[in-house]
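Numbering (my numbering), first residue to last: 1 to 611.
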Amino acid sequence: MTSILGISAFYHDSTADLIIDGEIISAAQEERFSRKKHDPSYPFNAINFVLKNSGIKLSKIDHVVFFEKPFLKFERLLETYLAMAPKGFKSFSLSMPIWLREKLFQKKFLFDNLKQHDSEFKDIEKIKFSEHHYSHAASAFFQSPFEESIVLTLDGVGEWATTTLAIGKRNDLKILKEIHFPHSLGLLYSAFTYYTGFKVNSGEYKVMGLAPYGNPKYKDLIIEKLIDLKSDGTFRLNMKYFNFATGLTMTNNSFSKIFGEPVRNPKKDRLTQFHMDIAASIQAVTEEIVLKLTKSISEEYNIKNLCLAGGVALNCVANGKILKEKFFNNIWIQPAAGDAGGSLGAALAYWHQELKKPREVFEDKMKGSYLGPKFKEKEIEETLTKLRAVYEKVEDNELASKIASELSNERTVGWFQGRMEFGPRALGARSILADPRSEKMQKELNLKIKFRESFRPFAPSVLREDIFDWFELNYDSPYMLLVSEVKKSKQISMSDEDKKLFGIDKLNVKRSQIPAVTHVDYSARIQTVHKDTNKKYYDLINEFKNITKCPVLVNTSFNVRGEPIVCSIEDAFNCFMGTNLDILAIENFILYKDKQKSDLLKDYKNKFELD
């Protein structure tokens, strides 16, 4: 038996995972335990969890693999600062003490931290280092259901690479082509995230959600001024307009002058049609780049499978368009596509590449991404009693029918079942659920439960066998990483008056039979639910279908804005008591808000720093 601990840390979304003989056993993000969103610190709690869950002491682990090479990253920083000196001295002087204290001597730093888990861990040579984009590529290919595949990774930046093309065959993976820093699609998108007033490394999905409210009127200007885009999808940024290489901001004054407005201050400036048009424009540019890249590599290599990873692979709108274009027969996207998945890729790369171990190929090597903690009945009951919660316990066969009935009456439910998801999406284990047929549900969930911007869309969970009746998609999407249109037969045409509306005013127009999950452009970010992966969730949706003839539920993450997805029973109860959620279902324990003690209600709205 060979055990490998993978670690990703010190930038954002620190994680740990454990694989044994090539099989992923556990994985979790540090933020879920620390309750600090995108926590970049050493993943002490996540490591504790994966060790405890497998009953293995750290000193008995065979290998520990970190997801990138700090010396290469340091080399890139030094070369960049030297090339642009004296510009960027302030940024340089701020970053160097951290590098010299922690990051440059990371092997020793990791070793000292690892000893906290087990004083008998004494072999520093067990610690190995992968490369950032190789870890991304490995996380996608080695867990995919393909014997052979093209692997495309796109993100901000690793050591030097920002975009890589690799070919995977059986247990071998080789990177063939790279685009290097500062030329980065991820950083280009983040520059517009910053410009529209959202937080870099967490607000990119808001830009994607805002895009359908606008018109891509600045698309040609972006391609003309900011990026040199070739016909094969390769590109170079015009660094005259960006500040991220050596500065403390993403863009500079020249960037703002192009578009005629300053960077939006989220504390003072409202979102306007201008910002919606900017979001639409950068989304359109991103889609064009990604489509050109995937088209050219499909033609060059004539391999019919594509794997995607890196932060840009979370752009599910672009993913849906790749699938629709049919450059490839099959697409598989790593559910933890960002840096969180780097820990898994590092461990898998070591197993297959360094140890030369063979690779089994089967349909769901990620186990539905349900890889985090779960809780036993006795522990749940003891915790709820300690929290002074009022609850009732039901049998397995009652849970689905009771909760489905409540959902059909437009009640909102916190759904806490089984193992927590790994990656940024709630997939029916730590989810808030609602009735998609309700016209008021999107606004209500955003403003009264999630405490977030009203424009943010919600995703549908749909039974896999019913997807093609409701959406223009007939393809597995278990990880909520593909966007497609709501079926034409389910859409409601806009009136002439509706078509004249601008921006957020479009939000209140009923567009389909499932308005709560239909975005303003008739699109939806789809999760297909499979009986063999998550039976409890499947049974719930099936019961809802029996009551309503609708095999779809609204599924959003169980948290409020700025809060990591709930991890523990206490997290779930606190969020339940601090929001307008009606019901909480923790395994077979059901809590009704109107039966809880009033002194347990919480002021939750301002508890977390806004993202």
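Even for Gly, the Cβ is constructed at its ideal location relative to N, Cα and C.
If you're wondering where the values come from, they're calculated on a predicted model, not measured in any experiment.
DSSP bridge partner residues for residue i (one or two, in chain order)
{"i": "R437", "result": "Per DSSP, none; premise fails for R437."}
{"i": "V486", "result": "F471"}
{"i": "Y370", "result": "E421"}
{"i": "Y195", "result": "Per DSSP, none; premise fails for Y195."}
{"i": "A346", "result": "Paired residues: none, contrary to the question."}
{"i": "Y604", "result": "Its beta-bridge partners do not exist; DSSP assigns none."}
{"i": "R525", "result": "V483"}
{"i": "E23", "result": "I20"}
{"i": "W160", "result": "Beta-bridge pairing links W160 to no other residue."}
{"i": "K326", "result": "The partner list for K326 (beta bridge, DSSP) is empty, contrary to what the question assumes."}
{"i": "F66", "result": "I7 and F129"}
{"i": "H12", "result": "Answer by DSSP bridge pairing: none, since H12 is not bridged."}
{"i": "D172", "result": "K169"}
{"i": "Q491", "result": "S512"}
{"i": "H180", "result": "A161"}
{"i": "W351", "result": "Partner(s): none; W351 has no beta bridge."}
Of the listed residues the options, nearest to residue i (C-alpha basis)
{"i": "E68", "options": "K536, Q106 and Q116", "result": "Q106"}
{"i": "P436", "options": "K402, A389, K510 and F375", "result": "K510"}
{"i": "T272", "options": "Y218, G214, M577 and I4", "result": "G214"}
{"i": "R525", "options": "F362, T286, Y205 and E395", "result": "Y205"}
{"i": "T163", "options": "S184, N305 and I61", "result": "S184"}
{"i": "A6", "options": "E120, K73 and S130", "result": "A small fix is needed here, since residue 6 is Gly in this sequence, not Ala. Per the Cα distances, S130."}
{"i": "S405", "options": "N546, N588, L463 and E30", "result": "N546"}
{"i": "S59", "options": "N319, N474, Q596 and K122", "result": "K122"}
{"i": "I167", "options": "K365, A280, E300 and E410", "result": "E300"}
{"i": "G209", "options": "S523, M577, H530 and S144", "result": "S523"}
{"i": "L387", "options": "S119, S598 and L165", "result": "S598"}
{"i": "P564", "options": "L293, I289 and F33", "result": "F33"}
{"i": "K257", "options": "Y241, T246 and A245", "result": "Y241"}
{"i": "K593", "options": "D521, F328, E395 and A389", "result": "A389"}
{"i": "V312", "options": "G338, V462, H117 and F198", "result": "G338"}
Rounded distance between the beta-carbons of residue j and residue i, thought under 8 Å
{"i": "R138", "j": "S343", "result": "It is Ala, not Arg, that sits at residue 138 in the sequence shown. Contact doesn't hold; Cβ gap of about 11 Å is too wide."}
{"i": "G368", "j": "L306", "result": "Actually they are not in contact, since the Cβ atoms of G368 and L306 sit about 21 Å apart, beyond 8 Å."}
{"i": "F49", "j": "P335", "result": "Actually they are not in contact, since the Cβ atoms of F49 and P335 sit about 18 Å apart, beyond 8 Å."}
{"i": "L463", "j": "N542", "result": "6 Å"}
{"i": "W415", "j": "A284", "result": "35 Å between Cβ atoms; not a contact."}
{"i": "M250", "j": "A191", "result": "4 Å"}
{"i": "T294", "j": "Y189", "result": "Rounded, the Cβ-Cβ distance is 17 Å, inconsistent with contact."}
{"i": "F1", "j": "I24", "result": "Correcting the residue identity first, residue 1 is Met in this sequence and not Phe. Incorrect: roughly 15 Å between the Cβ atoms, too far for contact."}
beta-carbon residue i near the ligand ZN non-hydrogen atom, thresh 6 Å
{"i": "I547", "result": "The model depicted lacks the ligand ZN and carries no ligand whatsoever."}
CB contact flag (residue i, residue j, <7 Å)
{"i": "L226", "j": "N238", "result": "yes"}
{"i": "N580", "j": "K440", "result": "no"}
{"i": "S26", "j": "L314", "result": "no"}
{"i": "L348", "j": "F146", "result": "no"}
{"i": "R654", "j": "F558", "result": "Lying before the first or after the last residue shown, residue 654 is absent from the chain, which here runs from 1 to 611."}
{"i": "L433", "j": "C316", "result": "no"}
{"i": "T383", "j": "I583", "result": "no"}
{"i": "H519", "j": "P424", "result": "no"}
{"i": "P43", "j": "S14", "result": "yes"}
{"i": "R264", "j": "G186", "result": "no"}
{"i": "L553", "j": "S461", "result": "yes"}
{"i": "P358", "j": "D466", "result": "no"}
{"i": "D617", "j": "G562", "result": "Outside the modelled stretch of the chain, which goes from 1 to 611, sits residue 617, for which no answer is possible."}
{"i": "I380", "j": "F573", "result": "no"}
{"i": "F327", "j": "S298", "result": "yes"}
{"i": "H136", "j": "A309", "result": "yes"}
*In the stretch 215-272, which residue ranges form an unbroken beta strand (DSSP E) of at least 3 residues, counting only runs that do not cross its ends?*
227-229 and 235-237
*May I have a chain-ordered list of the alpha helix (DSSP H) segments no shorter than 4 residues that lie completely inside the stretch 376-447?*
377-386, 396-408 and 441-444
_beta strand (DSSP E) segments (min. 3 residues) lying fully within the stretch 275-322_ = 305-309
*Whole alpha helix (DSSP H) runs in the stretch 503-588 with 4 or more residues, listed along the chain?*
535-548 and 569-578
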